[in-house]
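Residue numbers (the numbering used here), protein chains in the order written: chain A, 1 to 208; chain B, 1 to 208.
These notes concern the structure reproduced below.
Protein chains: 2
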Amino acid sequence: KLPQTTVARLPVYLRSLVYLAGRGVQIVSSEELAQLAGSNAAQLRKDLSYLGEFGTRGVGYDVDQLINEISKWLGLLRDRSVVIAGMGRLGGALVGYPGFSQKGFRIVAVFDHDPAKVGRGVDGLIVRDMSELGSIVSQNGGVDIGIIATPASAAQAVADQLVRSGIRGILNFAPITIEVPDEVFVRQVDLSVELQILSYHLQKAERV
Amino acid sequence: KLPQTTVARLPVYLRSLVYLAGRGVQIVSSEELAQLAGSNAAQLRKDLSYLGEFGTRGVGYDVDQLINEISKWLGLLRDRSVVIAGMGRLGGALVGYPGFSQKGFRIVAVFDHDPAKVGRGVDGLIVRDMSELGSIVSQNGGVDIGIIATPASAAQAVADQLVRSGIRGILNFAPITIEVPDEVFVRQVDLSVELQILSYHLQKAERV
Ligand SMILES: NC(=O)c1ccc[n+]([C@@H]2O[C@H](COP(=O)([O-])OP(=O)(O)OC[C@H]3O[C@@H](n4cnc5c(N)ncnc54)[C@H](O)[C@@H]3O)[C@@H](O)[C@H]2O)c1
Ligand SMILES: NC(=O)c1ccc[n+]([C@@H]2O[C@H](COP(=O)([O-])OP(=O)(O)OC[C@H]3O[C@@H](n4cnc5c(N)ncnc54)[C@H](O)[C@@H]3O)[C@@H](O)[C@H]2O)c1
């Protein structure tokens, strides 16, 4: 079991390692990897120590070995299936993004409840009605992750539908805290919150 | 000076308080506010204690007073001006989102370097060429925040241009760590990282 803060940093280390591998680098020091990941070497060594013994003191880490190890811990050695609920502005941007499938996240179905959107083709998929969620998830033999890109007013109801269909991972963009059973994992991305955190720092700097 | 973890939670408390005010609620207990914000009452009381003495033991917090106080700390008592660099899928979704201006974040200009996009109208603005960033920022008397919605390959160069124009807050969507001087604040949103964190939790649950 890894600390939550370590879990949140592993994907950034992985991103940096994949970048290095792409440039043919085979061994990397903790300093260099930490720099690329926007972290510091001591924290990086501590985080990686939870995965086992990997680096050689004074030499560094084997890039390919570490990529494989982190991918294993993050459950990335197999594809993950994803559905999107809400095909508005944000849903439309997400479905077209090639970066997800490149990392093993396959968008298998997209949903909306607006009759003007249901039935339309987007990036090789047909927008389905939310009422079909349960049957489409079981036709796919289960789905790993549901993305909520609906207005806040619909987000809890949509979360309930995703959970009822057997989905256990939710990425929620709606600016509202959703409640789910203990066995369901939620990651919340609230872009307004990010802007407000920046505003705090700007305001602090202005007062100096 | 507030702890970073407290700063990151204040906007979520604010979101919940605004929701309560909209429903006419005037006093709220720490338990109820924590529940709405997806946090716990002890942590909420600790976070708010950094702002000063607000709640009355046994009674709760004054919703309007707390909204005003948190808004002050977050620098939200005045509008913040925002520019977006990169008017592709994501940039297009962001410029049209009414939620930003409702919270006081006004998108004043949008940029791209693709001649096919420059000059087009989007949501009341004209897409400008990146080369005009400096002059447009000074015409606006300075801009608070720059959003990077370009590919990773361009992100560092774009960050440098934003900093050179005097912008001190950056929200970066490109999956790469950008380097900026100490006086510039960066928030990183990497949606693939969010999916990978979900994948870690799913994998852990599968192994049980
Ligand atoms: N667009 C952005 O840049 C942005 C930024 C920050 C946050 N958000 C949040 O992301 C969410 C989506 O934003 P958007 O800009 O794409 O909104 P949008 O209005 O463009 O799209 C929302 C879509 O959800 C659909 N929908 C509504 N209720 C539904 C339901 N019960 N089941 C299925 N579909 C339903 C609508 O028909 C619509 O197509 C919102 O919660 C918003 O606050 C968006
Ligand atoms: N679309 C998504 O859902 C999504 C999800 C996760 C991450 N991202 C990240 O967000 C960024 C944008 O993604 P997208 O899907 O909108 O890509 P996109 O290709 O649709 O749009 C990128 C835009 O940036 C412009 N651009 C490129 N170089 C530029 C420069 N030097 N100056 C100004 N503009 C420049 C391009 O002309 C294009 O219009 C990428 O870094 C991507 O990895 C996007």
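Glycine residues also receive a C-beta, built at the ideal position from the N, C-alpha and C atoms.
Under DSSP, S81 (chain A) takes part in a beta bridge, and its partners are A:R106. Within a 10 Å sphere around the beta-carbon of G121 (chain A) sit fewer than 16 other beta-carbons, which makes this residue exposed. Distances between the C-beta of L51 (chain B) and the heavy atoms of ligand 2 are all 8 Å or more. Counting only the Cα atoms, E183 (chain B) lies some 18 Å from R80 (chain B). Considering only beta carbons, no part of the region 49–61 of chain B lies closer than 9 Å to chain A. Residues of chain B with a Cβ closer than 7 Å to the Cβ of Q156 (chain A) do not exist, since the nearest Cβ in that chain sits about 12 Å away. In this structure G91 (chain B) touches A149 (chain B) by the C-beta definition: roughly 4 Å separates them, less than 8 Å. Around the beta carbon of P175 (chain B), 16 or more other beta carbons lie within 10 angstroms, which makes this residue buried. Within the same chain, Cβ atoms closer than 7 Å to the Cβ of V163 (chain A) are found at V180, P181 and V184, the five residues on either side in sequence being excluded.
Here V28 (chain A) carries a strand assignment [DSSP, helix/strand/coil].
Burial state of A37 (chain B) is buried, judged by a 10 Å Cβ sphere holding 16 or more other Cβ atoms. DSSP, read as helix, strand or coil, puts Y50 (chain B) in coil.
Rounded to the nearest angstrom, the gap between the Cα atoms of N40 (chain A) and A34 (chain A) is 5 Å. Of all alpha-carbon atoms in A:R23, A:E132, A:P3 and A:D64, the one lying nearest the alpha-carbon of S49 (chain A) is that of A:P3. With fewer than 16 other beta carbons inside 10 angstroms of its own, T5 (chain B) counts as exposed. Going by beta carbons, I145 (chain B) and V95 (chain B) fall outside the 9 Å limit. Annotation: the continuous alpha helix (DSSP H) that includes V12 (chain A) extends over Q4 to G22. Q102 (chain B) counts as exposed, since fewer than 16 other C-beta atoms from the protein chains shown sit within 10 angstroms of its C-beta. Shortest Cα-Cα distance from F111 (chain A) to any of A:I126, A:G104 and A:Y97 involves A:I126. At a cut-off of 8 Å, the beta-carbon of T150 (chain B) counts as near ligand 2: some heavy atom of the ligand is closer than that.
At least one heavy atom of ligand 2 falls within 8 Å of the beta-carbon of Y97 (chain A). Taken in chain order, the members of the region 179–198 of chain B whose beta-carbon sits within less than 9 Å of a beta-carbon on chain A are E179, E183, F185, V186, R187, Q188, V189, D190, L191, S192, V193, E194, L195, Q196, I197 and L198.
Taking C-beta atoms under 8 Å as the contact rule, A154 (chain B) and A93 (chain A) fail to qualify, at a distance of about 18 Å. Residue environment analysis places D47 (chain A) among the buried positions, since at least 16 neighbouring C-beta atoms fall within 10 angstroms of its C-beta.
Each residue's CA atom was taken as its position, placing A42 (chain B) and G134 (chain A) some 39 Å apart. D64 (chain B) has a beta carbon lying at 9 Å or more from every beta carbon in chain A. Taken through DSSP and simplified to helix, strand or coil, G166 (chain B) comes out as coil.
Spatial neighbours of P11 (chain B) in its own chain (CB-CB distance under 7 Å, excluding positions within 5 residues in sequence) are listed in chain order as L74. At least one heavy atom of ligand 2 falls within 8 Å of the beta-carbon of M130 (chain B). The continuous beta strand (DSSP E) containing L125 (chain A) extends over residues L125 to D129. Distances taken from the Cβ of L14 (chain A) to the heavy atoms of ligand 2 include none shorter than 8 Å. Counting only runs that start and end inside the region 139–185 of chain B, the alpha helix (DSSP H) elements of at least 4 residues fall at 152–164.
The alpha-carbon of A85 (chain A) is positioned some 27 Å away from that of I107 (chain B).
DSSP, reduced to helix, strand and coil, places V193 (chain A) within a helical segment of the structure shown.
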